[in-house]
Amino acid sequence: MAKFSLKVNGKTQEVDVDPSTPMLWVLRDHLKLVGTKFGCGIAQCGACTVHLGDNAVRSCQLPVSAIGEKSVTTIEGLSENGDHPVQKAWLEEDVYQCGYCQAGQIMNASAFLKRNPNPTDTEIEDAMNGNICRCGTYTRIKKAIKNAASTSNV
Amino acid sequence: MTLIKTTYNRRSFLKSSTLAGGGMILGFNWLASCKPTPEQVKNMPKEWFDINGFLKIGDNGMVTIMSPNPEIGQNVKTSMPMIIADELGVDWKDVIVEQAPLNTDIFQRQLAGGSQSIRAGWSGLRMAGATARHMLVAAAADAWQVDTSEITVDNGVISHGASNNSAGFGDMASKAATMPVPEEVQLKETSDFSIIGTDKRNVDGPNLVTGKPLFGIDIQEEGMMIAMIVHPPAFGLTYKSMDADAIKSMPGIKDVFPIDVYPDSVEKQWSDGGAINKLVAIVGESTWQCMQAKKALKVEWETSSSLESTEGHDEALTKLLNTSSKEPARKDGDVAGAFKKAAQIIERTYSAPFLAHNTMEPMNFYADVNGERALLNGPIQTPEFLEKTLASRLELPVDKIDIKMTRMGGGFGRRLYGTFGVEAAVISQKMQTPIKLVYTREDDMTQGTYRPTYKVKYKAGLDSEGNLIAWHVKGAGSNDDLLFENRFPAGAVDNYLAEKFSLESVVTTGAWRAPRSNFVAGAEQAFIDEVAEAAGKDPIEFRLELFDRAIKDPVGEPEKNDYDPERYAGVLKLVREKSGWEGSQKNGTSRGVSAYYCHNSYVAQVLDLNNDSKSPKVNKVWCAVDCGIVINPMAAKNQIEGGIIDGIGHASYSEMTFKDGQPQHKNFDTYRLIRHKEAPKKIESYFVDNGIDPTGLGEPSLPPIIGALANALYQSTGQRHYNQPFITEKSVIG
Numbered sequence: 002m003a004k005f006s007l008k009v010n011g012k013t014q015e016v017d018v019d020p021s022t023p024m025l026w027v028l029r030d031h032l033k034l035v036g037t038k039f040g041c042g043i044a045q046c047g048a049c050t051v052h053l054g055d056n057a058v059r060s061c062q063l064p065v066s067a068i069g070e071k072s073v074t075t076i077e078g079l080s081e082n083g084d085h086p087v088q089k090a091w092l093e094e095d096v097y098q099c100g101y102c103q104a105g106q107i108m109n110a111s112a113f114l115k116r117n118p119n120p121t122d123t124e125i126e127d128a129m130n131g132n133i134c135r136c137g138t139y140t141r142i143k144k145a146i147k148n149a150a151s152t153s154n155v
Numbered sequence: 017m018t019l020i021k022t023t024y025n026r027r028s029f030l031k032s033s034t035l036a037g038g039g040m041i042l043g044f045n046w047l048a049s050c051k052p053t054p055e056q057v058k059n060m061p062k063e064w065f066d067i068n069g070f071l072k073i074g075d076n077g078m079v080t081i082m083s084p085n086p087e088i089g090q091n092v093k094t095s096m097p098m099i100i101a102d103e104l105g106v107d108w109k110d111v112i113v114e115q116a117p118l119n120t121d122i123f124q125r126q127l128a129g130g131s132q133s134i135r136a137g138w139s140g141l142r143m144a145g146a147t148a149r150h151m152l153v154a155a156a157a158d159a160w161q162v163d164t165s166e167i168t169v170d171n172g173v174i175s176h177g178a179s180n181n182s183a184g185f186g187d188m189a190s191k192a193a194t195m196p197v198p199e200e201v202q203l204k205e206t207s208d209f210s211i212i213g214t215d216k217r218n219v220d221g222p223n224l225v226t227g228k229p230l231f232g233i234d235i236q237e238e239g240m241m242i243a244m245i246v247h248p249p250a251f252g253l254t255y256k257s258m259d260a261d262a263i264k265s266m267p268g269i270k271d272v273f274p275i276d277v278y279p280d281s282v283e284k285q286w287s288d289g290g291a292i293n294k295l296v297a298i299v300g301e302s303t304w305q306c307m308q309a310k311k312a313l314k315v316e317w318e319t320s321s322s323l324e325s326t327e328g329h330d331e332a333l334t335k336l337l338n339t340s341s342k343e344p345a346r347k348d349g350d351v352a353g354a355f356k357k358a359a360q361i362i363e364r365t366y367s368a369p370f371l372a373h374n375t376m377e378p379m380n381f382y383a384d385v386n387g388e389r390a391l392l393n394g395p396i397q398t399p400e401f402l403e404k405t406l407a408s409r410l411e412l413p414v415d416k417i418d419i420k421m422t423r424m425g426g427g428f429g430r431r432l433y434g435t436f437g438v439e440a441a442v443i444s445q446k447m448q449t450p451i452k453l454v455y456t457r458e459d460d461m462t463q464g465t466y467r468p469t470y471k472v473k474y475k476a477g478l479d480s481e482g483n484l485i486a487w488h489v490k491g492a493g494s495n496d497d498l499l500f501e502n503r504f505p506a507g508a509v510d511n512y513l514a515e516k517f518s519l520e521s522v523v524t525t526g527a528w529r530a531p532r533s534n535f536v537a538g539a540e541q542a543f544i545d546e547v548a549e550a551a552g553k554d555p556i557e558f559r560l561e562l563f564d565r566a567i568k569d570p571v572g573e574p575e576k577n578d579y580d581p582e583r584y585a586g587v588l589k590l591v592r593e594k595s596g597w598e599g600s601q602k603n604g605t606s607r608g609v610s611a612y613y614c615h616n617s618y619v620a621q622v623l624d625l626n627n628d629s630k631s632p633k634v635n636k637v638w639c640a641v642d643c644g645i646v647i648n649p650m651a652a653k654n655q656i657e658g659g660i661i662d663g664i665g666h667a668s669y670s671e672m673t674f675k676d677g678q679p680q681h682k683n684f685d686t687y688r689l690i691r692h693k694e695a696p697k698k699i700e701s702y703f704v705d706n707g708i709d710p711t712g713l714g715e716p717s718l719p720p721i722i723g724a725l726a727n728a729l730y731q732s733t734g735q736r737h738y739n740q741p742f743i744t745e746k747s748v749i750g
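Top to bottom, those sequences are chains L and B. Here the first sequence is numbered in my numbering, starting from 2 and rising by one per residue. Here the second sequence is numbered in my numbering, starting from 17 and rising by one per residue.
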């Protein structure tokens, strides 16, 4: 066990865990931020996507010891009132079915749009290809990303 | 208006003081972490009045509606309350929806399966709303001393024109709660619906996009431990022994023990299918610590039955299809004689592998069991059956067992089989502490309860005019005999023979989205495409000719045929029109058509492949649906789109194979699911507007799309596809 001081969603928090613990489980079990989801545990489905700095990363493969000074943003911290342009676009398009993968989809999409505010369809598909939606909401996800891109500065 | 007796289940309409454990109150404090927004707090009434088991009305006119059925992504948590709200006459913006717990005193069929929630719930939900409206009107009539028949209700306002009286629901709620439950109520005319048939966004949307704890796996309770299981690595192996001491000292680990989940004394329900009787349980402080201990644990297994492999399944199914059944499932006319006379005979065999459900949220359940009572909460499609098994396994009366349902991260049939709920309860009982059982993806994917593997052989005879004169189908599946012998083309062919066989297997199977249909539709619709081609006819025309026969002169007793050929033909004609089918196979694209009936609904689809790239991509799908009245078009389209993508994905890429009883895929690195790039670029859905009571919607769009895909692939590549996943047959999509 070791103590880590983590910057999560703008707050600094202490945890005392095994250094190999993936950030996913630090968030879910220790910081009680359960919006970030467990899907596969091997970085294949994208349900656990969070932002490390400005980059979308798979928190199930990110040991807490590798975080250091970098800030972590989860779905709970993407915006204060749930009104990030990507969140608004998701609500507008009524994207979700079961909804389980959508936090990961939103976190990946929001990091992607920050890098590429005006993506083509192919660029969206390439960027989102690591995020599985078992319910098959892919066409709505793409539409929501395009809407978010066209209506705002992400 | 329709006058309807409230005999459906009068207990449902009694005041909810009868609710066991105060079901209106959210007893589990994990939900408290879903803090209401300041606006919601501002709008909360000071007092609620229970009108009946389905709803309560606040003193400010807000209405809380209980959503009775489990939510797996089929959107019943929004659509079922919409039905109540419409009959009640409330403004949808004044409605708060809560997930009901299991309560068999009040609710019927709290089950997610068979695409039946809306169909089965339709009358009861309407009655619940209408009964409450009736009581509000009775309260107002009494207060104003006027006749109830002169009172109107609209958007949460009760009015009496002649006396110029009007009141909000909130003003009448306390009085309405004291009114007698009516013996009969009037339902709205369907043409008067104001909420049903309109787009309403998912009631959980704001909580989903902000990551609120909605799912079973999100449950956090005071004093709760994490539990994981180790199950046998192969079908045909069972637990023998383990070296528990080696991991008991690992950090955070509280206990490690074998569990008999289902001793012989337990009265099992159908929902316990796929149960693994003996497991190892690991209980610890955190998920990661349990995962580490799970990896380190050495378990010895022993062989309990045969260790099967995919090659063996394949051979055994082929062998079954080469036999004849003594009692065919259906026989019309003289099939052998007709084949002798036929000018052309086409015979083809189709196959499909086992499939895992792979819900994105792995199996999990919260349980807090002691000698007195059991509290359970989690993702379950069949809570009522879980309760029955728990009563037997825990030796507790049913009224000492409380089951709550969380939103589910997918179902697809997997969570019909609540063995994980029983496992959680048994572990909690042993530990005498609350636990949350969590499966890893590997546990989940290799546990079983799969879609069976199937094979089907079709033989069709055409006369010299290209008319279908004989049809012989033989179907076989693992622990499942596959065919629906009274579905199309039964009733449309003079000489028809259907035979079905089941292969015994130790690989456990269960319902997987659109059971049986999910394979047989694609096979049948691909075969019909080939037969139409041999007949020299347009594939839509060929099908319409058959439906015409079934309409005008059905073969066999008409009531035996379990489809309505006019509605079937209706969706085909609609998709033909919408897709601009005439003169199809345009430059650069290849298209296929398919139609199927299941879950009481009719679906026809046209799928366009784009041939511009190296491998064909699905450009667009047109889908025509007849599911009667559509409750929520925006959400209905979502179900249609999801079923189409699900069907294309699994037929193209997914399979579970076995070697010596061991599942050969354990996670998404080798078990391939459809991804963004492979999904259709566009899907257009059209619904037949016929005012018929609603039928299934969560499943019917999946089965036929596999046929449409196979038929379009043939147009694109010249290759017919007979074996799923199609990716194993050279030409690849996406």
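All C-beta atoms in this analysis are idealised placements derived from N, C-alpha and C, irrespective of residue type, glycine included. What you are looking at is a predicted structure, and each value in this text was computed from that prediction instead of being measured.
- Query: Hey, residue 159 (chain B) and residue 100 (chain B): beta-carbon distance below 7 Å or not?
  - Reply: no
- Message: Just verifying my parser: in three-state terms, what is the DSSP assignment at residue 39 (chain L)?
- Response: The answer is coil: DSSP assigns residue 39 (chain L) none of H, G, I, E or B.
- According to the neighbour-count rule (16 or more other Cβ atoms, all chains shown, within 10 Å of its Cβ), is residue 129 (chain L) buried or exposed? With 16 or more other Cβ atoms within 10 Å, it is buried.
- Message: Please tell me whether residue 742 (chain B) has its Cβ less than 7 Å away from any Cβ of chain L.
- Response: no
- Starting from the beta carbon of residue 266 (chain B), find every residue of chain L whose beta carbon is closer than 7 Å, and list them in chain order. Per Cβ cutoff of 7 Å: no residues; residue 266 (chain B) is ~10 Å from chain L at best.
- Query: Taking Cβ positions, are residue 624 (chain B) and residue 616 (chain B) nearer each other than 7 Å?
  - Reply: Not a contact, by the Cβ cut-off of 7 Å.
- Could you work out which residue in B:217, B:175, B:150 and B:206 is closest to residue 196 (chain B) when comparing CA atoms only? B:150
- Task: Return the chain-ordered list of same chain residues with a C-beta closer than 6 Å to the C-beta of residue 62 (chain L), the five sequence neighbours on each side being excluded.
- Result: Here the set comprises 44.
- Item | For residue 490 (chain B) and residue 366 (chain B), the rounded distance between their alpha carbons | 11 Å
- Do the CB positions of residue 720 (chain B) and residue 542 (chain B) come within less than 7 Å of each other? no
- Just to confirm, are residue 577 (chain B) and residue 604 (chain B) a CB contact at a threshold of 7 Å? no
- Message: Here's a check: name, in chain order, each residue in its chain whose Cβ is nearer than 8 Å to the Cβ of residue 41 (chain L), leaving out the five neighbours to either side.
- Response: Closer than 8 Å at the Cβ level, and outside the excluded window around residue 41 (chain L), lie 48 and 61.
- Message: What does the alpha-carbon distance come out to for the pair residue 545 (chain B) and residue 712 (chain B)?
- Response: 26 Å
- Query: At what residue ranges does the stretch 75-110 of chain B contain a whole run of the beta strand (DSSP E), taking only runs of 3 or more?
  - Reply: 79-83
- Query: With a CB to CB cut of under 7 Å and the five nearest residues on each side skipped, what residues in its chain are close to residue 105 (chain L)?
  - Reply: 38, 47, 48, 49, 50 and 132
- If you measure beta-carbon to beta-carbon, which residues of the stretch 298-311 of chain B are closer than 7 Å to chain L? For the stretch 298-311 of chain B, which is checked against every Cβ of chain L, the residues closer than 7 Å are 302, 303 and 304.
- Message: In this structure, how does DSSP classify residue 17 (chain L) when only helix, strand and coil are distinguished?
- Response: In the structure shown, residue 17 (chain L) sits in a strand (DSSP, three-state: E or B).
- Which term fits residue 503 (chain B), buried or exposed, when burial requires 16 or more other beta carbons within 10 angstroms of its beta carbon? buried
- Is DSSP giving residue 231 (chain B) helix, strand or coil here? Three-state DSSP puts residue 231 (chain B) in a strand.
- Message: If I follow the unbroken beta strand (DSSP E) through residue 274 (chain B), where does it start and stop?
- Response: 269-276
- Reduced DSSP category for residue 735 (chain B) - H, G, I as helix; E, B as strand; rest coil: coil
- State the CB to CB distance for the pair residue 270 (chain B) and residue 240 (chain B), rounded to an integer number of angstroms; the pair is presumed to be in contact (CB under 8 Å). At roughly 12 Å, the Cβ-Cβ gap does not stay under 8 Å, so residue 270 (chain B) and residue 240 (chain B) are not in contact.
- Query: For residue 447 (chain B), which of helix, strand or coil comes out of DSSP?
  - Reply: helix
- For the putative contact between residue 202 (chain B) and residue 146 (chain B), defined by C-beta atoms under 8 Å, what is the C-beta separation to the nearest angstrom? 7 Å
- Task: Give, in chain order, every unbroken run of the beta strand (DSSP E) that is at least 3 residues long and sits entirely within the stretch 603-687 of chain B.
- Result: 605-614, 617-626 and 633-642
- Task: Return the first residue and the last residue of the alpha helix (DSSP H) that residue 150 (chain B) is part of.
- Result: 133-160
- Report yes or no: do the stretch 372-389 of chain B and the stretch 207-219 of chain B share at least 3 C-beta pairs separated by less than 8 Å? With the cut-off at 8 Å, the stretch 372-389 of chain B and the stretch 207-219 of chain B do not touch.
- Can you find a C-beta in chain B that's less than 7 Å from the C-beta of residue 94 (chain L)? no
- Task: Take residue 471 (chain B) as the anchor and find which of B:538, B:437 and B:684 has the nearest alpha-carbon.
- Result: B:538
- Neighbour-count burial assignment, residue 691 (chain B), 16 or more Cβ in a 10 Å radius: buried
- By DSSP, does residue 525 (chain B) sit in helix, in strand, or in coil? strand
- Contact set between the stretch 216-247 of chain B and chain L, restricted to residues whose Cβ is under 8 Å from the partner: 217, 218, 220, 221, 222, 224, 225, 226, 227, 228, 229, 230, 231, 233, 234, 236 and 242
- Task: List the whole-angstrom C-beta distance separating residue 92 (chain L) from residue 222 (chain B), where the pair is believed to meet the contact cut-off of C-beta under 8 Å.
- Result: 7 Å
- Note down the Cα distance separating residue 117 (chain B) from residue 346 (chain B), rounded to an integer number of angstroms. 43 Å
- Query: Under the three-state reduction of DSSP, which class applies to residue 481 (chain B): helix, strand or coil?
  - Reply: coil
- Item | Segments assigned alpha helix (DSSP H), at least 4 residues, entirely inside the stretch 164-206 of chain B | 185-192
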